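Numbering-wise (the working numbering), the sequence shown opens with residue 14 and increments by one. Take a look at the structure set out below.
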Amino acid sequence: MIISQHPIRVPSYDENFNYQNDISNIARNKAILNYLLSVILSFNNVEIKDFENVEKKLLKIIRDGKDKIHLISDFDMTITKYWLNGKRSPSSHDILTRSSKVSENYRKRCEELKAKYYPIEISPELTNEEKLPYMVEWWENADQAILDEKIHKDTISDMVRETPVLYRPGIKDVLHSCKEKDIPFLVFSAGVQNVIQETLVQSNLFSDNMNVVSNKMAFNEETGICDRFVGPLFHVFNKDKFGLEGTPYEKLLENRSNVIICGDSLGDIKMADGVKHDTCLSIGFLNLNKEKMLDKYKNTFDIVITDDGSFDLVNEILRILA
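The following block contains the structure:
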């Protein structure tokens, strides 16, 4: 298969469909579905195991429209690209590590943790269950390193400014569409909430329809120093351990029974477990170890986008929702 991050040119939705046609909703939805399927088939870096199941989910999403949908996405290596000049692009934790505001001791400590645990996280030989205790160790140690560093709240914006992230192509259009159509967008990350939200704010991508659920630093009211984390510890394999009950974001999801989730880790499939939904269309970004991991990703996600691909497919789905 020839791998490409760019779809073959197909006629746009506006060129194919007359919105004023007096046809039944069923026929119209089928026509839209057929168009969308043709777009999906035009991507050479898209893999689908159960095409019939994807077709059924897309038809329901189309039929229910924009008022019934919401999105949940991972941040690091999903909203952001994986590869940057042949190396892994910076994560939200890396933004802290690379900052001139932190000590060399903190930087070395974090690099040692990453060198020890990251190969375990991405290992194709280990199951998620086997990786789990190591991920807990990694995140607990990373959080403790942040606390020991005594980071001041006023330095977060400077840290973010020092290390710009590389956004995945198409994600800015996705966020713009969600804002314009009042579609809730939840960023659910095992990174650092304060860093992620500040990154989105500085990029002019954060809006009222969004929320960021992640490991949140809390700061002493008198000193401004980070002295604790609030809420549960989130790592890559426990994203089912959260709920939105009682939060302001919960109101945004009222009567929205369809969800699209996007992630790059097998553990991201659990992101929708904490919200009520009828239909969940899952999209997985397989950024590396394609030969060894493709079958696992196809068995986990409805749609798999390989080779650090774009959000173009998600944009097509959002574009046709009325």
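From the three backbone atoms N, C-alpha and C, an ideal C-beta is built for every residue, glycine too. Predicted, not measured: the structure shown is a model, and the values here were computed from it.
Check                                                                                            : Outcome
Pair within 9 Å by beta-carbon distance, residue 201 and residue 227                             : yes
Runs of alpha helix (DSSP H) wholly within the stretch 244-292 (minimum 4 residues, chain order) : 261-265
Identified DSSP bridge partners for residue 183                                                  : Answer is none; residue 183 lacks a bridge partner.
Rounded C-alpha distance that separates residue 209 from residue 40                              : 42 Å
Proximity to residue 75 [Cα-Cα], best of 138, 199, 136, 47                                       : 47
Reduced DSSP category for residue 329 - H, G, I as helix; E, B as strand; rest coil              : helix
DSSP state of residue 169 mapped onto helix, strand, coil                                        : helix
CB-CB length for residue 72 against residue 42, believed under 8 Å                               : 6 Å
Secondary structure, alpha helix (DSSP H): runs of 4+ residues fully inside the stretch 36-97    : 38-55, 64-77
Range of the contiguous alpha helix (DSSP H) that encloses residue 158                           : 141-162
Under the three-state DSSP convention, the category residue 315 falls into                       : coil
Selected residue, minimal CA-CA separation from residue 5, among 293, 211, 324                   : Only positions 14 to 335 of the chain appear in the structure, and residue 5 is not among them; the question remains open.
Segment limits, alpha helix (DSSP H) that includes residue 229                                   : Counting along the chain, residue 229 falls outside any alpha helix (DSSP H), though it belongs to the beta strand (DSSP E) covering 223-232.
Reference residue 218, options 112, 303, 282, 193, closest by Cα                                 : 193
Where residue 208 falls: helix, strand or coil (DSSP)                                            : helix
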